[in-house]
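Below is one structure; the comments refer to it alone.
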Amino acid sequence: MKKNKNTLFIIFLCCTFFFILFSGPKMKLNSAEDFNISAGVAIGANKIGKSDMLYIITTNSKMYKEDESLENEVKSGKGSTIGETREERQKKIGKQFFLGLSKAYLLDEKYAEYGIRPVIDIVFKNPVINDNAFLAVCKGKGEEYLKHNLGRYENSGEYISDMIKNSVTFNFFTADYTIKDAMLSMDSEGKSIICPYLKISEEEIKMDGMAIFKKDKLGVVLDMNETKIMNLLRENKVKGILTIQKNSKEYVNYAAKTKRKVQCSKSGDKYTFIINLNLNGDIVNNELYKDMSGKIEVIEKFEEDMAKKVEEMCYRFLDKMKKEYKVDCLQLGWVAASKYGRDTGVDWNEIVSKSDIKVNVKVHIDKLGRGEY
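The numbers in the working numbering rise by one with no breaks, and the one at position 163 of the sequence shown is 174.
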């Protein structure tokens with residue numbers, strides 16, 4: 012009896028499968044040659060009057076041909092809304108445009124100052140768009156970056172994506188500069204959108220710092236020196252090289268990996284933050300400390316000197332952040348809100364700028380290399 016029930020159940024499943032397969036609408040399959048496949052998107056806007064905007068969206072797309080060759084195409088669309096730019100751009104494209112594989116979204120610096128909420132909103136609502144694509148702010152117009160000739164690279168969109176993705180090996184960068192990260196940070200209490208700042212220098216596209224937002228508007232742009240210190244204070248488990256240098260012949264390079272912990276306390280309306288940094292790493296090269304591989308006291312002297320130097324760098328940055336930028340670049344407001352409660356209506360940029368921030372640094376050498384000669 013049980014065997015007959017199993018047989019009937021299997022027959023029922025098979026009949027249902029064939030019914031759905033042959034009675035449903037026929038699926039039309041398209042080949043890659045039928046599409047313009049986006050690799051990068053540049054977003055800009057011109058202000059018209061006091062409140063109106065003319066959006067200019069430029070795409071760098073790949074077109075595969077039947078002979079297996081590849082052609083790149085850069086096209087722009089204009090409109091009073093971001094959605095209208097798609098229709099205007101499609102008039103200039105011979106194939107169906109596919110946006111779902113874009114690897115980088117480039118924001119004109121001027122547009123980022125106006126506010127990027129419309130872009131984040133339309134990306135969030137479109138399930139086809141790749142929200143793991145990287146976000147960056149460009150000096151000048153992003154369109155120029157997509158048109159830039161990079162020699163062996165297929166297109167600028169893929170080059171910029173790879174550059175940001177592989178930046179994690181130095182300068183204490185993370186890989187958390189995606190569209191998804193921007194969505195999650197824009198309206199989160201105590202958080203802010205950050206992303207790389209790009210510029211074209213000596214005919215090359217390169218990372219030149221970091222863009223920090225206040226809500227959806229660009230707040231401040233840091234140069235690479237400040238970016239490195241900010242990353243050191245802000246991120247956990249990141250890597251970079253720190254240097255003590257007296258002159259061009261006397262210096263030491265230290266490749267460090269960080270561990271960061273933040274403590275927060277409150278007395279009345281005054282907040283105090285303590286950032287504890289533990290640095291572990293290897294000596295890359297040493298032209299400053301003699302007999303480091305043979306004497307433990309020399310190692311201890313280096314660790315003490317490096318900790319002191321890093322603390323001085325951090326306090327200089329914190330002073331500038333609190334007095335000049337007045338932006339919570341380090342997400343300390345998020346730490347405080349998670350401990351003392353959210354939705355209090357306070358401006359964390361203002362609170363952090365008036366807070367006491369202390370930094371404790373510990374340095375440890377793991378390896379000295381092969382030794383000295």
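Yeah, the Cβ is synthetic: ideal placement off N, Cα and C, and Gly gets one too.
Out of Leu343, Glu124, Ile59 and Ala347, the CA that lies nearest to the CA of Glu246 is found in Leu343. For Asn143, no alpha helix (DSSP H) segment is defined, and its DSSP state is neither H nor E. By the C-beta density criterion, Pro138 is exposed, having fewer than 16 other C-beta atoms within 10 angstroms. Put simply, of Leu195, Phe109, Ala144 and Ile216 the residue whose alpha carbon is nearest the alpha carbon of Gly153 is Ile216. Within the same chain, Met64, Leu65, Tyr66, Ile67, Asp119, Lys121, Tyr122 and Tyr125 come within 8 Å of Ala56 by CB-CB distance, once the 5 residues on both sides are set aside. Within a 10 Å sphere around the beta-carbon of Val148 sit 16 or more other beta-carbons, which makes this residue buried.
Setting aside the 5 residues that flank it on each side, Trp359 is surrounded in the same chain by Gly201, Asp339 and Gly344, each with a C-beta closer than 6 Å to its C-beta; the list follows chain order. If you look at Gly153, you'll find it in the alpha helix (DSSP H) that goes Gly153 to Lys158.
From the listed residues Glu315, Ile93, Val357 and Lys239, the smallest Cα separation to Tyr282 is found for Val357. Looking only at Lys58, Gln101, Phe108 and Glu99, the smallest Cα-Cα distance to Tyr75 is reached by Phe108. Contact check between the region 325–334 and the region 241–258: three or more CB pairs, one atom from each, fall below 8 Å, which counts as touching.
Here DSSP, grouped into helix, strand and coil, assigns Val295 to strand.
The shortest C-alpha to C-alpha distance from Asp377 to any of Gln274, Lys257, Arg353 and Thr269 is the one to Thr269. Assignment of Ser72 by DSSP, reduced to helix, strand and coil, places it in the strand class. When the five nearest sequence neighbours on each side are left out, the beta carbons in the same chain lying within less than 8 Å of the beta carbon of Met303 are those of Ile294, Asn297, Val309, Ile310, Phe313, Leu379 and Glu383, in order along the chain. For Gln101, the enclosing alpha helix (DSSP H) covers residues Ile93 to Gln101. Note: Leu229 is bridge-paired with Phe224 in the DSSP secondary-structure output.
Ranked by Cα distance from Asn287, the first of Lys272, Asp354 and Ser49 is Lys272. The region 223–242 and the region 183–200 touch, with no fewer than 3 CB-CB distances between them shorter than 8 Å. When the five nearest sequence neighbours on each side are left out, the beta carbons in the same chain lying within less than 6 Å of the beta carbon of Ala348 are those of Glu200 and Gly201, in order along the chain. Checking the DSSP bridge columns, you'll see Gly88 partnered with Ile68. Note: Leu290 is bridge-paired with Thr269 and Val374 in the DSSP secondary-structure output. Taking a C-beta distance under 7 Å as the contact criterion, Gly251 and Asp234 do not qualify as a contact pair. Looking only at Lys58, Glu95, Ile307 and Ala50, the smallest Cα-Cα distance to Glu82 is reached by Ala50. Here Glu322 is near Val370, since their CB atoms are less than 7 Å apart. When the beta-carbon positions are compared, Leu161 and Tyr170 come within less than 7 Å of each other. The beta carbon of Ile140 lies closer than 8 Å to those of Leu110, Gly111, Ser113, Val134 and Ile190 in the same chain, with the five residues before and after it left out.
Listed in chain order, the non-local C-beta contacts of Ala115 below 7 Å within the same chain comprise Gly51, Ala144, Phe145, Ala147, Gly168, Ile171 and Ser172, local neighbours out to five positions each way being set aside. CA-CA distance, Gly292 to Ile255, rounds to 15 Å.
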